[in-house]
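No gaps in the numbering here: position 252 of the sequence shown is 252 in full-length UniProt numbering, and each next residue is one more.
Ideal Cβ placement from N, Cα and C applies to all residues, glycine included.
Remember, predicted model here, so these are calculated numbers, not experimental data.
Some notes on the structure that comes next.
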Amino acid sequence: MSHKPTTVNELGEFTVLVDVRSPAEYALDHIPGAINCPVLDDDERRIVGTIYVQQSAFEARKIGGAMVARNIARHLDEQFRDKPKDWRPLVYCWRGGMRSGSFVNWLRLVGWDAQQLRGGYKAWRAHVIEQIAVLSPRLDLRVLCGPTGSAKTRVLQALAAQGEQVLDLEDLAAHRGSVLGAVPGRPQPSQKGFETQLMHRLTALDATRRVWVEAESRRIGRITVPEPLLARLRESAVVEIAATPAARLAYLLRDYAWLGDDPQGLADKLGTLRELLPREVLAEWQAWALASDLPPLFEALMARHYDPLYARSQGRHLERLPHARRVACEDLSDEGIQALAARIASLT
């Protein structure tokens, strides 16, 4: 039972991945499937760091060592008591140093074939960035575009249900990419967390088959789309949904009906447009929001904000937009979206 540092390419050889960083570090991002067994919690890590800066490395190790020992003992007793002898954990911390090394030593003293991830989370992070850069140019993307209210996200979901490969960036980013785009009950992930999930999704795609994706700008809420994927998206073939204004408005009123339940929140969102709109226009829109009067508000948003923004931006962002296949649509009901997705999937 040799003790050798393990690389990210060997993750699948282990029973479990154990992240021994603090809960805050783990929440920011972690290797998919890893469990969190911190050797120092957030407060303990702060205390040890303060002692290191204000006193000495020796004092920090002395105080921190006792904390680490107690936490490892607790994890052994509470998390791992029932594990068999052939249980194989792979342990990592920030950069493959003392935190994961201490944990591995104790697990190996028990008799388990525990190993330490060489380079820790930093090695994983480098792997994520590298894989996004390698995999993105290989994608055979088909880019769905169309003005706001064209049901692009719902069409993507329908395409997936019909057996097509789909890359839903807005779902990974937990944001719908507009001033009203926050997803209720789903905070956006960290940038690192988004990129980890993106790499995981890219790895699962079949590079020999086309992949449908929605046209996106560089940012989705506060998430930035990695440059290699953005470059591939901008140079790929385009399919444009040409839905009628009436169909788009009806769809928006169904899909964003929940905004009427929080009039003040909706008015506050509209306030972010104050630099783009005349004062009297914004005041009228916010009055509609406060009254939960969504039809005139959404119609005005389409005509005065979303459609002009779409006209300005898509030509810059999509190189092949002039050669796009246009698919006309007058019905964005649930049944209409299914039919629209089937027509799009039939394109060659």
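Quiz item: Relative to the C-alpha of H175, which residue among E164, V166, P187 and L167 is closest?
Solution: Reading the sequence shown from its first residue, position 175 is the one you call residue 175. Residue P187 is the option with its Cα nearest to H175.
Practice problem: Report yes if the C-beta distance between L270 and G149 is below 8 Å; otherwise report no. | Solution: As a first step, residue 270 is located in the sequence shown; it is residue number 270 there, counting from the start. As a first step, residue 149 is located in the sequence shown; it is residue number 149 there, counting from the start. Result no, Cβ atoms of L270 and G149 do not sit closer than 8 Å.
Exercise. Mind checking which residues open and close the beta strand (DSSP E) that includes Y251?
Key: As a position in the sequence shown, residue 251 is number 251, starting the count at 1. No beta strand (DSSP E) contains Y251, which is instead part of the alpha helix (DSSP H) from P245 to D255.
Quiz item: Taking just the CA atoms, how far does P89 sit from F14?
Solution: Translated into the one-based positions of the sequence shown, residue 14 becomes position 14. Translated into the one-based positions of the sequence shown, residue 89 becomes position 89. Between F14 and P89, the C-alpha separation is close to 6 Å.
Self-check item: Buried versus exposed call for D43 [16 or more other C-beta atoms within 10 Å across all chains shown]
Solution: In the sequence shown, residue 43 corresponds to position 43, counting from 1. Classification of D43: exposed, given that the 10 Å Cβ count is below 16.
Exercise. Name the residue from L230, H305, V20 and K4 whose alpha carbon lies nearest to the alpha carbon of residue 399.
Key: No answer is possible for residue 399: the residues shown for the chain start at 1 and end at 348.
Exercise. Going by CA-CA distance only, name the one from E10, A182 and R70 that's closest to P38.
Key: Position 38 of the sequence shown, counted from the start, is the residue given in the question as residue 38. Measuring from the Cα of P38, the nearest candidate turns out to be R70.
Quiz item: What separation, rounded to the nearest whole angstrom, lies between the Cα atoms of Q131 and P228?
Solution: In the sequence shown, residue 131 corresponds to position 131, counting from 1. In the sequence shown, residue 228 corresponds to position 228, counting from 1. One C-alpha to the other measures close to 10 Å.
Practice problem: For V48, collect the residues of the same chain with a Cβ closer than 8 Å to its Cβ; drop the 5 residues on either side in sequence, then sort them by chain order. | Solution: Counted from its first residue, the sequence shown places residue 48 at position 48. Within the same chain, V48 has close Cβ partners L40, A60, I63, G64 and M67.
Exercise. Decide if the region 104–113 is in contact with the region 78–88; the criterion is three or more beta carbon pairs, one per stretch, under 8 Å apart.
Key: yes
Exercise. Would you list, in sequence order, the uninterrupted alpha helix (DSSP H) runs of no fewer than 4 residues that lie entirely inside the UniProt domain "Rhodanese" (11–133)?
Key: 23–28, 42–54, 57–78 and 98–110
Quiz item: Would you call the CB atoms of R274 and L266 closer than 8 Å?
Solution: Working through the sequence shown from its first residue, we reach residue 274 at position 274. Working through the sequence shown from its first residue, we reach residue 266 at position 266. Not a contact, by the Cβ cut-off of 8 Å.
Quiz item: Going by beta carbon distance, what residues of the same chain come within less than 6 Å of V128, once the five residues before and after it are set aside?
Solution: The residue you call residue 128 lines up with position 128 of the sequence shown. If we look at V128 and ignore the five residues flanking it on each side, its Cβ neighbours are E195, T196 and M199.
Exercise. Alpha carbon to alpha carbon, how far is R95 from F80? Give it in angstroms, no decimals.
Key: By one-based count along the sequence shown, residue 80 stands at place 80. By one-based count along the sequence shown, residue 95 stands at place 95. In a straight line, the C-alpha of F80 is about 24 Å away from that of R95.
Self-check item: Beta-carbon spacing of L167, R201 below 8 Å
Solution: In the sequence shown, counting from the first residue as 1, residue 167 sits at position 167. In the sequence shown, counting from the first residue as 1, residue 201 sits at position 201. Contact flag set, yes.
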